[in-house]
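K.L.:
There are 2 protein chains.
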Amino acid sequence: MGSPVGQTGGVTGDVVDLGQKFELISEHWSPKLVATLNDYEVKLVKVQGEFVWHTHEDTDELFLVVEGQLTIQMRDRDVVLGAGQLFVVPRGVEHCPRADAEVKALLLEPSGVVNTGDAGGDLTAVVEAI
Amino acid sequence: MGSPVGQTGGVTGDVVDLGQKFELISEHWSPKLVATLNDYEVKLVKVQGEFVWHTHEDTDELFLVVEGQLTIQMRDRDVVLGAGQLFVVPRGVEHCPRADAEVKALLLEPSGVVNTGDAGGDLTAVVEAI
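These protein sequence lines map, in sequence, to chains A and E.
Anchor point for the first sequence: position 23 equals 23 in this note's numbering, and the numbering is continuous, going up by one each time.
Anchor point for the second sequence: position 26 equals 156 in this note's numbering, and the numbering is continuous, going up by one each time.
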């Protein structure tokens, strides 16, 4: 909440149509920024296959599935999300998303959070706005 | 982000099914808490009719329409959102949501934000978790 009064909240200040935005995404595991809310970012991502096990030590992370079925593997259990279902991975909890078929999801987390958390590696994405 | 490592991120730590949660809501203009993400709250609300003009001086506010058509009136323009569309009302911008027919929407904002902002009045809601 460090921005001045009157600064636009969204990336463009326009309506964000999730379906239209997803059409602009081709790559898997590469979240795209579609809106900001104070110092938080709303991102859209298409995923398929298995990500990497990683942890965000300093923040919770919200997943909302828009289409498909996403499994969020944790060390003590799996959570399976279908369209219209959301889950918050608590900070400090190691997790690894997996999707047997392509999933469209909305992510919410503070600005600057790295998708691979503490794990790094090839799947680390630079987040661009779309 | 003031809570300790390991604190659960969600209200219950469970999957939140938006459809099931909306079935628990009968009152209009009374947001219900379904998840927390650090110091932010994810709320669901059913709305119909016109709200009150109000401003949140210190925070942006995100509206994601799940079902129906929501008009967010601002002093310089209206924004119309359908299902699968989101908009961020920037901090300090006076607005008044309106829905001719019932709308189901997801709201995202920092914990403790009052729904009627600076306006107060009868529509001010105490947010309960569902």
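Glycine is no exception: its CB is placed at the ideal position from the N, C-alpha and C atoms.
Have a look at A:ASP14, A:ILE25, A:ALA105 and A:GLY19 and flag the residue whose alpha-carbon is nearest the alpha-carbon of GLY68 (chain A).
P.N.:
Your numbering for residue 68 (chain A) matches position 68 in the first sequence. Checked all of A:ASP14, A:ILE25, A:ALA105 and A:GLY19; the closest Cα to GLY68 (chain A) is A:ALA105.
K.L.:
With a 10 Å radius around its C-beta and 16 neighbouring C-beta atoms as the bar for buried, classify ALA35 (chain A) as buried or exposed.
P.N.:
In the first sequence, the residue the question calls residue 35 (chain A) occupies position 35. Flag for ALA35 (chain A) reads buried.
K.L.:
Please state whether the Cβ-Cβ distance between ASN168 (chain E) and THR124 (chain A) is less than 7 Å.
P.N.:
Taking the second sequence and counting its residues from 1, one reaches residue 168 (chain E) at position 38. Taking the first sequence and counting its residues from 1, one reaches residue 124 (chain A) at position 124. No. Outside cutoff.
K.L.:
Report the rounded CA-to-CA distance for LYS21 (chain A) versus ASP248 (chain E), giving the unit in angstroms.
P.N.:
In the first sequence, the residue the question calls residue 21 (chain A) occupies position 21. In the second sequence, the residue the question calls residue 248 (chain E) occupies position 118. Each residue's Cα considered, the two are about 34 Å apart.
K.L.:
According to DSSP, is GLU224 (chain E) helix, strand or coil?
P.N.:
As a position in the second sequence, residue 224 (chain E) is number 94, starting the count at 1. Coil at GLU224 (chain E), not helix or strand.
K.L.:
Can you give me the Cβ contacts of GLY6 (chain A) inside the same chain, cut-off strictly under 6 Å, excluding the 5 residues immediately before and after it?
P.N.:
As a first step, residue 6 (chain A) is located in the first sequence; it is residue number 6 there, counting from the start. Low local confidence applies: a pLDDT of 36 at GLY6 (chain A) is under 50, so the model's placement there is unreliable, with the coordinate-based value given in what follows. Result list for GLY6 (chain A): empty, nothing under 6 Å.
K.L.:
As a quick exercise: from E:VAL175, E:GLY179, E:ILE260 and E:GLN215, pick the residue whose alpha carbon is nearest that of ASP17 (chain A).
P.N.:
Locating residue 17 (chain A) in the first sequence gives position 17, counting from the first residue. Of the listed residues, the one whose Cα sits closest to ASP17 (chain A) is E:GLN215.
K.L.:
Comparing C-alpha positions only, which one of E:HIS186, E:PRO227 and E:VAL145 sits nearest to VAL195 (chain E)?
P.N.:
As a working note, residue 195 (chain E) is residue 65 in the second sequence. Nearest of E:HIS186, E:PRO227 and E:VAL145 to VAL195 (chain E), Cα basis: E:PRO227.
K.L.:
Can we say the stretch 23 to 34 of chain A touches the stretch 69 to 89 of chain A, given the rule of at least three CB pairs closer than 8 Å?
P.N.:
With a cut-off of 8 Å, the stretch 69 to 89 of chain A and the stretch 23 to 34 of chain A do not count as touching, because too few Cβ pairs lie within range.
K.L.:
Taking GLN203 (chain E) as part of the beta strand (DSSP E), name the residues at either end of that continuous run.
P.N.:
For the purposes of this step, residue 203 (chain E) is taken as the residue at position 73 of the second sequence. Where GLN203 (chain E) is concerned, the enclosing beta strand (DSSP E) stretches over 200 to 204.
K.L.:
Would you tell me roughly how many angstroms separate the C-alpha atoms of VAL233 (chain E) and VAL88 (chain A), rounded to the nearest one?
P.N.:
Mapped onto the second sequence, residue 233 (chain E) falls at position 103. Mapped onto the first sequence, residue 88 (chain A) falls at position 88. Their Cα atoms are separated by approximately 24 Å.
K.L.:
Tell me the DSSP bridge mates of GLU258 (chain E)?
P.N.:
Walking along the second sequence from the start, residue 258 (chain E) turns up at place 128. Bridge partners of GLU258 (chain E): E:LYS162.
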